[in-house]
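*Asks:*
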DNA sequence: GATGAATGAGACTTCATTCAT
DNA sequence: TATGAATGAAGTCTCATTCAT
């Protein structure tokens with residue numbers, strides 16, 4: 001009984017979530033409105049408030065659902081890969097792989113973060129500028145593997161480059177292999 | 192018609208433009224509204240429609256005004272610097288210099304581009320992914336100086352890295368010298 | 383039907399009633415909502431509609447429960463006290479005593495009465511301006527004990543004065559003894 | 574030119590204000606909504622926000638407009654009447670007179686004060702429990718004219734009694750003359 | 001040029017109530 | 001008896017835009 005109920009709930013919950021994600025992909029997070037979502041799911045607008053506390057909650061859930069994939073992979077990498085350089089390489093690979101599988105995810109994440117008065121607290125986000133990865137970069141610098149540069153410079157460079165590469169995939173422009181991009185990061189743009 | 196514009200008019204025009212830019216810097220482009228602009232300039236809302244066709248037009252003008260500085264410098268570089276590598280270096284330097292002088296400008300530009308239904312047509316914009324610079328990169332690839340990668344990958348990498356570096360300046364975090372960043376681009380992140 | 387009500391039911395019924403009363407005390411009757419009540423009792427909103435026909439019914443029950451204490455005492459007084467003046471004095475004393483014991487009760491009663499479209503029909507309410515007490519006042523006038531004034535003037539004067547005195551208790555301001563207030567009513571404010 | 578403009582403004586401003594007051598009289602302040610007001614004035618709802626900053630502002634303006642009459646008279650009394658007892662008497666007379674002229678005003682004032690989260694700051698209100706009148710009562714106590722009771726008890730007693738008397742006027746019930754009520758206050762209800 | 005006035009649309013949210021289970 | 005789901009109405013507020021003066 002309960003399991004059937006739950007399934008029903010989850011279906012609607014996910015319908016709403018997915019409709020919202022679609023809208024963000026199409027029109028941008030800034031224009032997301034409960035009205036639009038409701039229209040797309042074909043429910044009354046107030047119905048959304050049964051599944052989500054409010055609009056911010058909806059955005060938070062979208063954010064969580066989009067970053068959970070990354071989080072899992074990052075966690076694995078930090079646990080399993082051996083050397084620091086290996087870990088960094090695997091981090092880049094994870095970002096690349098997901099960006100190809102789900103080319104919109106990076107955009108959705110970025111968009112939600114950049115909403116004015118974003119519901120995402122930049123400090124406790126487990127994502128790109130968050131502790132474990134920043135720590136990894138710092139370790140790379142300490143071990144004299146990486147140049148001594150503010151870690152967020154590295155993360156921005158890697159994140160945005162891979163993101164643009166994923167966008168090229170979508171737009172059917174030339175896009176680069178993982179090895180190409182990794183080479184770019186590690187050895188620079190000069191041939 | 193435009194040439195007959197009186198000084199008085201121009202002053203008001205720029206007051207509006209600057210107020211709008213300030214608002215974007217402070218609160219983000221997505222929250223820009225004619226109401227807010229009018230309040231800040233202390234004019235009536237409808238007055239804005241005398242100087243700008245509509246809100247989109249206002250955004251376009253802001254965009255133009257923000258990129259004009261870059262355009263001038265890029266134009267100079269393309270005319271004057273000697274080798275392709277020199278030109279690329281000078282392009283990066285120009286980006287870096289302006290990012291330090293006016294750390295918000297890159298943000299404003301990015302923000303306007305990312306507005307949903309942005310009035311900026313990505314394709315015919317004279318900016319970073321636009322013809323002359325893209326052509327420069329292509330030339331670099333053709334001359335076997337640069338690795339063969341979709342040029343917009345390079346431009347995104349450079350633009351966003353420099354932008355983050357400028358943000359670090361503003362936030363009083365560690366930021367990097369031009370030489371450091373140039374080295375990062377040309378020779379990669381490995382030490 | 384009502385008599386067959388199980389104990390369990392009654393408990394829930396009173397939980398709802400009391401939660402609603404608490405909310406009125408804290409936030410005012412105008413803000414009472416089934417949503418709030420349900421949240422406080424930790425039941426589902428729709429559950430309320432099993433115990434109460436609708437919101438108006440809930441309010442009516444609250445009203446009844448709040449005035450029942452008064453009604454009992456008034457009934458006693460009208461039966462037992464001897465002279466008309468004694469009865470009036472005892473009526474005032476009852477009001478005073480309850481106001482001290484339960485300083486919120488008068489507020490709750492007033493609030494419900496003043497709700498727009500109040501479910502309480504002012505005319506057939508058994509309360510303060512209702513028949514038995516009004517009759518008592520009328521008798522006092524007829525017996526030439528009280529000045530000849532519309533009885534509801536007396537009742538308002540007494541009710542609101544005692545109510546404010548109770549509020550003073552709650553707010554830890556100076557408040558007056560029963561004798562002081564009685565003196566005020568009977569002999570006026572002049573010393 | 575300007576004077577004509579102003580007149581136009583004021584007309585609409587007052588139309589809105591009066592419509593709102595009517596609604597409060599009819600349905601109570603708790604149900605006042607900008608929607609209702611707009612409907613009554615036959616304007617679009619957003620138009621109200623040209624004349625009033627927000628709903629609270631509307632309520633504040635109503636409050637001010639309703640108490641201004643009282644304020645003027647109170648001010649006069651405090652300036653002009655001679656003895657403390659005279660001043661108190663004149664205060665009561667002012668309350669009485671206005672209550673007869675404008676029997677709703679006291680209700681409107683009370684209602685706005687009792688709205689949950691009322692926009693009226695109880696402490697700096699120039700009205701009944703406010704400084705000058707409370708001070709007058711205190712003076713009366715100090716001069717041994719009045720019994721020593723928390724002044725707000727007196728004010729409540731007087732205010733509510735007169736208010737009920739005004740309500741009786743409206744409802745075409747028996748109502749009392751000023752002398753009768755004054756006598757009630759000064760010498761009590763006993764004959 | 002400039003402004004005040006006006007508006008319709010749309011945004012977020014809460015609520016009372018009903019219904020199937 | 002109890003609940004989750006659903007909804008339509010209502011409420012507050014902001015906004016882009018137009019128009020008469």
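Residue numbers (our numbering), protein chains in the order written: chain A, 1 to 191; chain B, 192 to 382; chain C, 383 to 573; chain D, 574 to 764.
The C-beta atom is built at its ideal place from N, Cα and C for all residues, glycine as well.
(1) In this structure, does DSSP put residue 223/B in helix, strand or coil?
(2) Buried or exposed: which applies to residue 35/A, given that a residue is buried once 16 or more other Cβ atoms fall within 10 Å of its Cβ?
(3) In whole angstroms, what separates the C-alpha of residue 700/D from that of residue 396/C?
(4) For a cutoff of 9 Å on Cβ pairs, would you count residue 478/C as touching chain D?
(5) Report the CB separation of residue 516/C from residue 533/C in whole angstroms; it is logged as a contact under 8 Å.
(6) How about residue 841/D and residue 720/D: are their beta carbons less than 9 Å apart?
(7) Identify the contact partners of residue 116/A in chain B, using a Cβ-Cβ distance below 7 Å as the criterion.
(8) With distance defined between alpha-carbon atoms, name the residue in 409/C, 565/C, 551/C and 402/C nearest to residue 481/C.
(9) So, residue 156/A versus residue 355/B, is the Cβ gap smaller than 9 Å?
(10) Can you say whether residue 116/A is buried or exposed, counting buried as having 16 or more other CB atoms within 10 angstroms of its CB?
(11) Which whole runs of the alpha helix (DSSP H) in the segment 487-569 of chain C are 4 residues long or more, in chain order?
(12) Would you tell me roughly how many angstroms separate the C-alpha atoms of residue 43/A and residue 11/A, rounded to the nearest one?
(13) Taking C-alpha atoms, which residue in 726/D, 744/D and 746/D lies nearest to residue 758/D?
(14) What does the Cβ neighbour count give for residue 639/D, buried or exposed, with the cut at 16 atoms within 10 Å?
(15) Answer yes or no: the CB of residue 144/A versus the heavy atoms of the ligand FMN, is any distance below 8 Å?
(16) Tell me the residue span of the alpha helix (DSSP H) that contains residue 653/D.
(17) In chain order, what residues of the segment 165-190 of chain A put their CB closer than 9 Å to some CB of chain B?
(18) For residue 264/B, which residues from the same chain have a beta carbon less than 6 Å from its beta carbon, with the 5 sequence-adjacent residues on both sides left out?
(19) State the beta-bridge partners of residue 381/B as determined by DSSP.
(20) From this set, 38/A, 47/A, 110/A and 132/A, which residue's C-alpha is nearest residue 75/A's C-alpha?
(21) Among the residues of its own chain, which have a CB less than 6 Å from the CB of residue 525/C, if the five just before and after it don't count?
(22) Looking only at its own chain, which residues have a Cβ that is under 7 Å from the Cβ of residue 369/B, when we skip the five neighbours before and after it?
(23) Would you mind telling me which residues of chain D sit closer than 7 Å to residue 535/C, beta carbon to beta carbon, in chain order?
(24) Which whole-angstrom value describes the C-beta separation of residue 87/A and residue 17/A, a residue pair presumed to lie in contact below a C-beta threshold of 8 Å?
(25) With burial defined as no fewer than 16 other Cβ atoms inside 10 Å of the residue's Cβ, what is the status of residue 236/B: buried or exposed?
(26) Between residue 20/A and chain B, is the shortest Cβ-Cβ distance under 9 Å, so that the two count as touching?
(27) Using three-state DSSP, classify residue 474/C as helix, strand or coil.
(28) Flag residue 707/D as yes if its beta-carbon sits less than 9 Å from any beta-carbon of chain C, otherwise no.
(29) Check whether the Cβ atoms of residue 527/C and residue 755/D lie closer than 9 Å to each other.
(30) What separation, rounded to the nearest whole angstrom, lies between the Cα atoms of residue 549/C and residue 485/C?
(31) Which residue's Cα is closest to the Cα of residue 292/B: 260/B, 269/B and 247/B?
(32) Just the C-alpha distance for residue 7/A and residue 48/A, rounded to the nearest angstrom, thanks.
(33) Anything in chain A within Cβ reach of residue 228/B, meaning under 8 Å, just list it in chain order.
(34) Would you call residue 462/C buried or exposed, if buried means 16 or more other Cβ atoms sit within 10 Å of its Cβ?
*Replies:* On the basis of the supplied data:
(1) One-based indexing of the second chain puts residue 223/B at position 32. Coil.
(2) By one-based count along the first chain, residue 35/A stands at place 35. Counting Cβ neighbours within 10 Å, residue 35/A comes out exposed, since fewer than 16 surround it.
(3) Walking along the fourth chain from the start, residue 700/D turns up at place 127. Walking along the third chain from the start, residue 396/C turns up at place 14. The predicted position of residue 700/D is uncertain, since its pLDDT is 48 and thus under 50; a value taken from the coordinates is nonetheless stated next. Distance from the CA atom of residue 700/D to the CA atom of residue 396/C, rounded to whole angstroms, is 41 Å.
(4) Within the third chain, numbered from 1, the residue matching residue 478/C stands at position 96. No, residue 478/C does not count as interfacial toward chain D.
(5) Position 134 of the third chain, counted from the start, is the residue given in the question as residue 516/C. Position 151 of the third chain, counted from the start, is the residue given in the question as residue 533/C. Separation of the CB atoms of residue 516/C and residue 533/C is rounded to 5 Å, and the pair is thereby assigned contact status at 8 Å.
(6) Nothing about residue 841/D can be read from this structure; chain D reaches only from 574 to 764.
(7) Numbered from its first residue, the first chain carries residue 116/A at position 116. Those are 218, 219, 221 and 222, listed as they occur along chain B.
(8) To locate residue 481/C, count along the third chain from 1; it is residue 99. With distances taken between Cα atoms, residue 481/C lies closest to 551/C.
(9) What you label residue 156/A is simply residue 156 of the first chain in a count that begins at 1. What you label residue 355/B is simply residue 164 of the second chain in a count that begins at 1. Yes, the pair counts as a contact, with Cβ atoms nearer than the cut-off.
(10) Position 116 of the first chain, counted from the first residue, corresponds to residue 116/A. With fewer than 16 other CB atoms across the displayed protein chains lying within 10 angstroms of its CB, residue 116/A is exposed.
(11) The segment 487-569 of chain C contains these whole alpha helix (DSSP H) runs: 487-496, 513-524, 533-552 and 560-569.
(12) The sequence position of residue 43/A within the first chain is 43, counting from 1. The sequence position of residue 11/A within the first chain is 11, counting from 1. If you draw a straight line from the Cα of residue 43/A to the Cα of residue 11/A, it is about 13 Å long.
(13) Within the fourth chain, residue 758/D is the residue found at index 185, counting from 1. Selected option, being the one with the closest Cα: 726/D.
(14) Residue numbering aside, residue 639/D sits at position 66 when the fourth chain is read from its first letter. By the Cβ-count criterion, residue 639/D is buried, with 16 or more other Cβ atoms from all chains shown falling within 10 Å of its own Cβ.
(15) The ligand content of the structure shown is nil, which means the ligand FMN is not present either.
(16) Here the question's residue 653/D lines up with position 80 in the fourth chain. From DSSP, the alpha helix (DSSP H) with residue 653/D extends over 628-653.
(17) Here the close residues are 165, 167, 168, 173, 174, 175, 176, 180, 181, 183, 184, 185, 186, 187, 188, 189 and 190.
(18) Residue numbering aside, residue 264/B sits at position 73 when the second chain is read from its first letter. The answer, listed in chain order, is 285.
(19) Position 190 of the second chain, counting from 1, holds the residue named residue 381/B. Paired residue(s): 146/A.
(20) The sequence position of residue 75/A within the first chain is 75, counting from 1. When 38/A, 47/A, 110/A and 132/A are compared, the shortest CA-CA separation from residue 75/A is found for 132/A.
(21) Counting from one through the third chain, the residue named residue 525/C turns up at place 143. The residues are 466.
(22) As a first step, residue 369/B must be located in the second chain, where it is residue number 178. Scanning its chain for C-beta atoms nearer than 7 Å, with the 5 sequence neighbours on each side dropped, one finds around residue 369/B the residues 284 and 287, in chain order.
(23) Walking along the third chain from the start, residue 535/C turns up at place 153. Residues of chain D passing the Cβ test: 734, 737, 738 and 749.
(24) Along the first chain, read from residue 1 onward, the residue named residue 87/A stands at position 87. Along the first chain, read from residue 1 onward, the residue named residue 17/A stands at position 17. Under the criterion of beta carbons closer than 8 Å, residue 87/A and residue 17/A do not qualify as touching, at roughly 32 Å.
(25) Indexing the second chain from 1 puts residue 236/B at position 45. Around the beta carbon of residue 236/B, fewer than 16 other beta carbons lie within 10 angstroms, which makes this residue exposed.
(26) Taking the first chain and counting its residues from 1, one reaches residue 20/A at position 20. The C-beta of residue 20/A comes no closer than 9 Å to any C-beta of chain B.
(27) Residue numbering aside, residue 474/C sits at position 92 when the third chain is read from its first letter. Helix at residue 474/C.
(28) Within the fourth chain, the letter at position 134 stands for residue 707/D. Not closer than 9 Å to any Cβ of chain C, the Cβ of residue 707/D fails to qualify, so no.
(29) On the third chain, residue 527/C is found 145 positions in, with the first residue counted as 1. On the fourth chain, residue 755/D is found 182 positions in, with the first residue counted as 1. Going by C-beta atoms, residue 527/C is not nearer than 9 Å to residue 755/D.
(30) Position 167 of the third chain, counted from the start, is the residue given in the question as residue 549/C. Position 103 of the third chain, counted from the start, is the residue given in the question as residue 485/C. Cα to Cα, residue 549/C sits roughly 7 Å from residue 485/C.
(31) Working through the second chain from its first residue, we reach residue 292/B at position 101. Restricting attention to 260/B, 269/B and 247/B, the CA atom closest to the CA of residue 292/B is found in 260/B.
(32) By one-based count along the first chain, residue 7/A stands at place 7. By one-based count along the first chain, residue 48/A stands at place 48. At residue 7/A, the pLDDT of 44 sits below 50, so the modelled position is not reliable and the matter cannot be decided from this model.
(33) Translated into positions along the second chain, residue 228/B becomes position 37. Within chain A, no C-beta atom comes less than 8 Å from the C-beta of residue 228/B; the nearest is roughly 16 Å away.
(34) One-based indexing of the third chain puts residue 462/C at position 80. Around the Cβ of residue 462/C, a 10 Å sphere holds fewer than 16 other Cβ atoms; the residue is exposed.
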